[in-house]
Ligand SMILES: [Cu+2]
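In the working numbering, the protein residues as written are 786 to 1451.
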């Protein structure tokens, strides 16, 4: 019975894995398929190839050359697509929109799932190919792992892991029940880590965390081609330290639920229709009680609730493979700040840092993949969104009027996007060119934030509801060569962004934060340009030995000549992988050159070059229907003290760390 599901997972992911292995990227866990990059997460088959199968989702995503993960501590890193902050991309879980509830970006959407919940991550660069809504940088959809109807069977996985550096324990289990008319998957994962030590045994205070995640999917078959599915995720992180920030998190909780109706083979031209209704509720409570010295004690809770739907039609007519997606959601975001006076005769100060903002968004997206002939393929995409914001809290509305006299309570924007791509597939060479135009609205913080402290440049930020839409034109060029012994993939993407949103100093205004440098207000540069490039080179030395290399570089400049913050300097990874039947071993070095194009205006400092060495080995033991995977290794072997461009406030990375992962499939 377990075989069927394994077969299913293999059937879905093997073509991708093979593509990745034979044609594109060196770590074998990502692939480039029709203008889309896929990071495979599912543990059932590819885990052995991952350096650390039970590593966090953040580590998995970091393997994509399109993504950088900006790190404020051990937990909940922020995904940057194409060198751009998360406001510029659309991040979804199974197509569902979720808004984080933290004004300090401590809880990106990716922090509310676990690797056990997920099969893969689909990444689109720029607005080309995106069906999820208005975007500039691209989109990231986390696709849940689920079973399918079949012969009666029952299977499961249990796993545990330990890491020495921060004494992290990871444990969890999952089980799947499959019937001809019913299936259900349930899994639970827990992680608990203490403070980690940077290179040279230097303890990084406030870097501990604990996280628990439970998720379930259940489906019932109504007819041969129809089924309903319900899904739930409950995620709870507590006592999370953020060494790069002045505050920690006491609790971050999310409830994510959905029901979906799916129908296949509606007609010869309509192959699939699905409609999903979803709801999610996020609670975020920050905590400064563990910090011994703070100028003033603060309470900063935040809440976000989102209800939404999407309806997808997919089909094929002659040479056209088309998709139409209608989607909409409603979000309510509220965040408070109470500053407790040290002097008992003075009143505490209360303000709304997010003034109870309603976001209503409706979107229609159309996509057509045209197989012109055996070699040429074209993809056309258009989308239009209606975006409406309303300041629902009167006190919050009045507070913002201090800066914006006469501010209207609501604002509507139309957001358009359009893209076209051509792909040529030769015997060994595939190349593609995509051109795209996209727009986005300011985020809740950018539009309506009220005294949001940025601990990097140490300014309090004020939102600006009067900003125009940000607009971007971008071109992406990809070339892939796949020979018998050598494979090469080269990607270059250029973004020209008009009305680029960024904070600008407001002289004469004083900050709320004690010791802050001043006030910045979100404003718009006439334009900014961002260039992204990545090169992957794989060389198959022998049947068992592969030499994989990857490097990437990004550059971002504003029209005022200023370097944009959080741009990746030239970085590389080079490694040897040995694989023989059920045994694999891996040795790699990763590093970056000196970072000189840093952004001093946004609090960044120069960085020296670094390189770290990682080693790992894995063996799979099979017993009849069961198998045990053991993987162990050491990260940062030489215990190097280092920090990278993506480490907020240059908080150092982890020093030497031994780990062991055990995964038992039954
Ligand atoms: Cu927070």
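C-beta: ideal position from N, C-alpha, C; glycine also.
On a predicted model such as this, the values are computed, not experimentally measured, just so you know.
Use the C-beta contact count for residue 1452: other C-beta atoms within 10 angstroms, 16 or more gives buried, fewer gives exposed.
With the chain covering 786 to 1451 only, the question about residue 1452 has no answer from this structure.
Beta-carbon within less than 7 Å of residue 907's beta-carbon, same chain only, minus the 5 sequence neighbours each way: which residues are those?
821, 823, 926 and 928
Between the beta-carbon of residue 1138 and the beta-carbon of residue 1234, is there less than 8 Å?
yes
Quick check on the DSSP output: the alpha helix (DSSP H) that includes residue 1179 runs from which residue to which?
Unbroken alpha helix (DSSP H) run through residue 1179: 1179-1185.
Does DSSP put residue 915 in a helix, in a strand, or in coil?
coil
Looking at residue 1028: is its Cβ nearer than 8 Å to the Cβ of residue 990?
yes
When 1248, 1277 and 1273 are compared against residue 1262, the one with the closest alpha-carbon
Nearest C-alpha to residue 1262: 1277.
State the Cα-Cα distance for the pair residue 1326 and residue 1376, rounded to the nearest angstrom.
23 Å
Just tell me which of 1191, 1161, 1246 and 1073 has its CA closest to the CA of residue 1218.
1161
Evaluate contact between the segment 1191-1204 and the segment 1240-1249, counting only Cβ atoms and requiring at least three cross-stretch pairs below 8 Å.
Taking 8 Å as the limit for Cβ pairs, the verdict is that the segment 1240-1249 does not touch the segment 1191-1204.
For residue 1451, which residues of its own chain have a beta-carbon under 8 Å away from its beta-carbon, when the five flanking residues on both sides are left out?
787, 940, 941, 942, 943, 1410 and 1411
Here's a check: name, in chain order, each residue in its chain whose Cβ is nearer than 8 Å to the Cβ of residue 807, leaving out the five neighbours to either side.
Only weak support is given to the placement of residue 807: the predicted model assigns it a pLDDT of 32, under 50, and the value that follows is read from those uncertain coordinates. Here the set comprises 1267 and 1272.
At a cut-off of 7 Å, would you count residue 1229 as near ligand 1, judging by its Cβ distance to the nearest heavy atom?
It does not: the Cβ of residue 1229 is nowhere closer than 7 Å to a heavy atom of ligand 1.
Span of the beta strand (DSSP E) holding residue 847?
Premise fails: residue 847 lies in the alpha helix (DSSP H), 842-847, not in any beta strand (DSSP E).
Would you mind working out which of 1090, 1130 and 1310 sits nearest residue 1064, comparing C-alpha positions?
In terms of CA proximity to residue 1064, 1090 leads the group 1090, 1130 and 1310.
Spatial neighbours of residue 1070 in its chain, beta-carbon cut-off 6 Å, leaving aside the 5 residues before and after
1035, 1036 and 1086
Under 5 Å, CB to nearest heavy atom of ligand 1: contacting residues:
887, 889, 891 and 1071
Rounded to a whole number of angstroms, what is the C-alpha to C-alpha distance between residue 1084 and residue 1291?
26 Å
In three-state DSSP terms, what is residue 1449?
Reduced to three states, the DSSP call for residue 1449 is strand.
Would you tell me roughly how many angstroms separate the C-alpha atoms of residue 855 and residue 1009, rounded to the nearest one?
Roughly 46 Å separates the two Cα atoms.
Between residue 912 and residue 921, which are expected to be in contact by the criterion C-beta below 8 Å, what is the C-beta distance as a whole number of angstroms?
7 Å
Check whether the Cβ atoms of residue 1059 and residue 1097 lie closer than 8 Å to each other.
yes
What ranges does the beta strand (DSSP E) occupy inside the segment 1319-1402, keeping only unbroken runs of at least 3 residues that lie completely in it?
1330-1343, 1356-1365 and 1368-1377
Quick one, which of 1156, 1167 and 1355 has its alpha-carbon nearest residue 1109's?
1167
Is the CB-CB distance between residue 1365 and residue 1404 below 8 Å?
no
Residues in the same chain with beta-carbon distance under 7 Å from residue 993, minus the five sequence neighbours each way, listed in chain order, please.
978, 979, 980, 1024 and 1026
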